[in-house]
Amino acid sequence: MLKDPAKSHKPELPMTGPGFGGRVGTTKGSLLTQYLLKQGGMIKETWMDEDPREAILKYADVAAKEPKFIAPAYAQTQPETVFAKSDSENEEK
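When we follow UniProt numbering, the leftmost residue of the sequence shown carries the number 1, and every step to the right adds one.
Written out as structure tokens, the structure is:
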């Protein structure tokens, strides 16, 4: 029995704290959604290797062509975008 690795394998102990090492904890603060997305393959582990600026900028063209959140809210009351004037004299020079 000890020679068979399947029979002598000790199961992993349940986690009591927050998740680490790719495992999700079982505390009330752990996220079931995160676990389900990871199991479904929707969360990729490559996010640590990505440049955060590039990750955001890859959506810039789509956001400019099809604004969904802020621009439609001001479409009727402020069709032309108005920016605040600078209070600093250094920026005017």
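Backbone N, C-alpha and C fix where the C-beta goes; we use that ideal spot for every residue, glycine too.
Note that this is a predicted model, so its numbers are computed, not measured.
As for any alpha helix (DSSP H) of minimum length 4 sitting wholly inside the segment 44-89, the runs are 52-57, 60-65, 70-73, ordered along the chain. Take Glu80, set aside five residues on each side of it, and no residue of its chain has a beta-carbon closer than 6 Å to its own. Exclusion of the five residues before and after Glu54 leaves no residue of its chain whose Cβ lies closer than 8 Å to its Cβ. Boundaries of the alpha helix (DSSP H) harbouring Gly40: 32-40, taken from the DSSP string.
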